[in-house]
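Participant: Quick note: the sequence shown uses my numbering, first residue 16, plus one each step.
Every residue, glycine too, gets a C-beta built ideally from N, C-alpha and C.
I have a structure I would like to understand better, so I am pasting it below and will then ask my questions one at a time.
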Amino acid sequence: MIDFSKVPSPCYVIEEELLRKNLSLIRSIEERADVTIILAFKAFAAWRSFPIIREYIQHSTASSVAEARLAYEEMGNLAHTYAPAFTDQDFPLFLEYSSHITFNSLSQFNRFYPRVLASGKDIKCGLRVNPLFSVVDTGIYDPSSPGSRLGITADKLGEKLPDGITGLHMHNLCENNSYDLEKTLEVLEDKFGRLFYQISWLNLGGGHLVTHDDYDVDHLVSLLNRLKERWPHLEIILEPGSAFVWETGVLLATVEDIVESGGISTAMLNVSFACHMPDCLEMPYKPRIRGAFQEPVAGKPTYRMGGNSCLSGDFMGDWSFEQPLQVGSRIVFEDMIHYTMVKTTMFNGVSHPSIGLWGKDGMFQLYRQFGYEDYKNRMG
Ligand SMILES: Cc1ncc(COP(=O)(O)O)c(C=O)c1O
């Protein structure tokens, strides 16, 4: 258990024991299913924790030059790269830092493949395909929504893949279970299976929430084993992000004021939903607060949580507590490690929470604190 008196506020705190628990499960799936599982940096890239991650898995994805370079410098691997659109400016750097490059369209492949050849590097090239089969309810996270710009649809590919393509990539899930994957695979094989004899690797993207309590890991393993029986020549790759750090830490915040208005009490925090927990507003979802009642309870002290940016909608609510909150009360938002640090902003110049690790030795390790220079350097 984290001793919050040893942690600065605000702070994202990764718990080493919980991280290792997820990593062990992911490694066991990799071994049982004989697949390759790599970390999608877009969900989590707190690189000072990579020495722990590297004990379990060796590879990661990139969807930008910055992620590819981070993979090279801090994970010590060449990235499995996919980007919606490569640019002339960036491509030479992708060539430097990638083992695999997946193109989002045939026009991108035709434009950049000559440069892969000219580089003389052994880079595996792939195409992202889109099965156009929706299993994600939230539109903004659904790659298969009509008119999606992500991936090539089956009607655009003939019977033969272009020379130089050795793999296919699909990303269709978001916080889904193995049964959604099963349905997706049926559609994928139906629409693209004719091409599988021409490739040697198949990347099934992310969104596999294998570390969720309800996830049926045995079903996933048997599904992947059956897939391999059908296509024994294929290396199967999975690139989840969230699953690696699902429920592995918190965002610690402090109440700085309590504002009463229109019969509502708002606890004004030193963090912001808009800047530091953006998915709460985007998805949207109501985060859990440690020790609080998730829904208001009649008769108990009840508060809205107010963010510290000036955005009017930077609040969420309501939660009830056993005791009234006061200035200085600590608020612990649960499960705040995936898609938080990678998505934060410094809007309004609000202070960015520190980042640290609560080690399995019971010690807090501060990875990074942020200050004025971080804000200023982004502004010019
Ligand atoms: C191409 C691709 N791969 C992997 C992921 C990681 O997905 P998740 O973090 O939901 O597992 C994403 C997320 O958007 C993605 O777009």
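1. Is the Cβ-Cβ distance between T76 and A48 less than 8 Å?
2. Taking the straight line between their C-alpha atoms, what separation do you get for S280 and M351?
3. If you compare alpha carbons, which of L165, M320, T355 is closest to L266?
4. Looking only at C-alpha atoms, which of M331, I17, A258, M16 sits nearest to D228?
5. Is any heavy atom in ligand 1 found nearer than 7 Å to the beta carbon of H248?
6. Tell me which residues share the same chain as P368 and place their Cβ nearer than 7 Å to its Cβ, disregarding the 5 neighbours each side in the sequence.
7. I need the DSSP call for H291, collapsed to helix, strand or coil.
8. For the structure I just gave you, are there three or more beta carbon pairs, one from the region 174–187 and one from the region 213–223, closer than 8 Å?
9. May I ask which residues mark the beginning and end of the alpha helix (DSSP H) holding T199?
10. In the DSSP output, what is I116 paired with across the bridge?
11. What I want to know is whether the C-beta of T76 ends up closer than 7 Å to one or more non-hydrogen atoms of ligand 1.
12. Could you spell out where the alpha helix (DSSP H) holding H435 opens and where it closes?
13. Is it buried or exposed, L132, if we count other Cβ atoms within 10 angstroms and call 16 or more buried?
14. Using a 10 Å radius around the Cβ and a threshold of 16 neighbouring Cβ atoms, would you call S366 buried or exposed?
15. Using a threshold of 7 Å, is the CB atom of P255 nearer than that to any non-hydrogen atom of ligand 1?
16. Is it buried or exposed, Y71, if we count other Cβ atoms within 10 angstroms and call 16 or more buried?
17. So for G314, helix, strand or coil by DSSP?
18. How long is the line joining the alpha carbons of L142 and H115, rounded to whole angstroms?
19. Comparing alpha-carbon positions, which option in F118, M283, T360 lies nearest D272?
20. According to the neighbour-count rule (16 or more other Cβ atoms, all chains shown, within 10 Å of its Cβ), is Y97 buried or exposed?
21. Can you list, in chain order, the residues of its chain with a C-beta nearer than 8 Å to that of C140? Leave out the 5 residues immediately preceding and following it.
22. Give the C-beta separation of K198 and V150 to the nearest angstrom, bearing in mind that I take them to be a contact with Cβ-Cβ under 8 Å.
23. Three Cβ pairs or more, each shorter than 8 Å: is that satisfied between the region 289–309 and the region 341–351?
Facilitator: Walking through what the data contain:
1. Sequence index remark: in the sequence shown, residue 76 carries index 61 (1-based). Sequence index remark: in the sequence shown, residue 48 carries index 33 (1-based). Not closer than 8 Å, so no.
2. For the purposes of this step, residue 280 is taken as the residue at position 265 of the sequence shown. For the purposes of this step, residue 351 is taken as the residue at position 336 of the sequence shown. Approximately 24 Å, taken between the alpha carbons.
3. The count along the sequence shown starts at 1 and reaches residue 266 at position 251. Considering only alpha carbons, the answer is T355.
4. Residue 228 sits at position 213 when you count from the first residue of the sequence shown. Among M331, I17, A258, M16, the Cα nearest to that of D228 is on A258.
5. Taking the first residue of the sequence shown as position 1, residue 248 is located at position 233. Because no heavy atom of ligand 1 lies under 7 Å away, the Cβ of H248 does not count as near it: no.
6. For the purposes of this step, residue 368 is taken as the residue at position 353 of the sequence shown. Excluding positions up to five away in sequence, the list reads P25, C26, Y27, L266, V286, H291.
7. Position 276 of the sequence shown, counted from the first residue, corresponds to residue 291. If DSSP states are grouped into helix, strand and coil, H291 belongs with the helices.
8. The region 174–187 is in contact with the region 213–223.
9. Position 184 of the sequence shown, counting from 1, holds the residue named residue 199. Residues 193–207.
10. Working through the sequence shown from its first residue, we reach residue 116 at position 101. I116 pairs with T96, C140.
11. The sequence position of residue 76 within the sequence shown is 61, counting from 1. Yes; taking the cut-off as 7 Å, the Cβ of T76 has a heavy atom of ligand 1 nearer than that.
12. Given that the chain is displayed from residue 16 to residue 395, the structure contains no residue 435 and the question cannot be resolved.
13. As a first step, residue 132 must be located in the sequence shown, where it is residue number 117. Exposed: under 16 other Cβ atoms inside 10 Å.
14. Along the sequence shown, read from residue 1 onward, the residue named residue 366 stands at position 351. That one is buried.
15. Here residue 255 is taken as the residue at index 240 of the sequence shown, counted from 1. Correct: P255 has its Cβ closer than 7 Å to ligand 1.
16. Here residue 71 corresponds to residue number 56 of the sequence shown, with the count starting at 1. Classification of Y71: buried, given that the 10 Å Cβ count is 16 or more.
17. Residue mapping note: residue 314 aligns to position 299 of the sequence shown, counting from 1. Coil.
18. As a position in the sequence shown, residue 142 is number 127, starting the count at 1. As a position in the sequence shown, residue 115 is number 100, starting the count at 1. If you take the alpha carbons of L142 and H115, they lie about 11 Å apart.
19. If you number the sequence shown from 1, residue 272 lands on position 257. With distances taken between Cα atoms, D272 lies closest to M283.
20. Residue mapping note: residue 97 aligns to position 82 of the sequence shown, counting from 1. Under this definition Y97 is a buried residue.
21. In the sequence shown, the residue the question calls residue 140 occupies position 125. Shown here for C140: same chain residues with a beta carbon closer than 8 Å to its own, the five before and five after excluded, namely H115, I116, T117, F118, F124, Y128, V131, G179, I180, T181, G182 in chain order.
22. The residue labelled residue 198 in the question sits at position 183 within the sequence shown. The residue labelled residue 150 in the question sits at position 135 within the sequence shown. Taking C-beta atoms under 8 Å as the contact rule, K198 and V150 qualify, at a distance of about 7 Å.
23. The region 289–309, when compared against the region 341–351, does touch it at the 8 Å Cβ threshold.
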